[in-house]
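Protein chains in written order, with the working numbering: chain A, 2 to 112; chain B, 529 to 643. C-beta: ideal position from N, C-alpha, C; glycine also. Model, not experiment: these values are computed from the prediction.
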């Protein structure tokens with residue numbers, strides 16, 4: 002089967018750094034996405050990785066290792082507004098190509 | 529540029545009824561995907577449409593159906609509603625073909641409650 006695993010919950014302190022891991026097993030691979038979803042709102046796009054390595058975008062960075070089926074989202078200089086659910090999704094391959102989603106990691110940022 | 533618009537935002541229906549949800553994608557986007565989101569199951573893929581054709585379908589019963597119009601607007605229909613259909617239904621639009629391309633833009637969702 003196809004599955005995406007990420008921790009259910011994480012807690013961090015304002016100003017700190019947090020790393021949210023994601024491991025995946027899918028039928029083929031066409032890219033990995035990270036989305037942020039605040040309670041009661043729509044998911045919003047954070048990052049996309051299709052090649053191995055680190056993609057940096059401001060306070061957020063995302064890393065991918067295709068050989069290990071592994072990604073992480075790194076959030077630096079945490080702010081209270083970063084408290085949200087972070088969703089990892091993989092675009093699989095083949096004729097039935099679609100996004101496979103993890104259940105999300107609920108991050109609580111404390112003062 | 530307007531975002532993805534879903535209507536209605538909230539809906540309460542009775543078991544056995546049917547419901548139609550609407551999604552207007554971002555102008556120029558031809559791909560529309562529908563998802564069901566529940567706390568226990570996360571985001572579950574329902575189906576994807578591109579240029580009025582269903583390109584992909586998830587593992588949902590036949591009570592769930594959809595369509596896409598020539599202006600790329602999409603509707604999904606759920607017949608014979610069950611309590612377990614209570615969820616947030618999200619629509620996402622993109623430019624990709626046979627997939628969501630490199631980014632999917634989500635609407636605010638329709639919160640459906642079945643009583």
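Flagged as an interface residue toward chain B: residue 104/A, by a C-beta distance shorter than 7 Å. With the criterion set as a beta carbon lying under 9 Å from some beta carbon of chain B, the members of the region 32 to 48 of chain A are 32, 34, 36, 38, 41, 42, 43, 44, 45 and 46, in sequence order. Taking the CA atoms as reference points, residue 633/B sits about 26 Å from residue 540/B. A distance below 6 Å between beta-carbons, with the five flanking residues on each side excluded, links residue 611/B to the following residues of its chain, in chain order: 642.
A distance below 7 Å separates the beta carbons of residue 639/B and residue 616/B. Counting C-beta pairs with one atom in each stretch, the region 590 to 607 of chain B and the region 93 to 109 of chain A have fewer than three that are closer than 8 Å, which means they do not touch. Between the alpha carbons of residue 95/A and residue 111/A lies a distance of about 43 Å.
With distances taken between CA atoms, residue 64/A lies nearest to 23/A out of 18/A, 4/A and 23/A. Taking a Cβ-Cβ cut-off of 7 Å, residue 108/A has no neighbours in chain B, whose nearest Cβ is about 16 Å from it.
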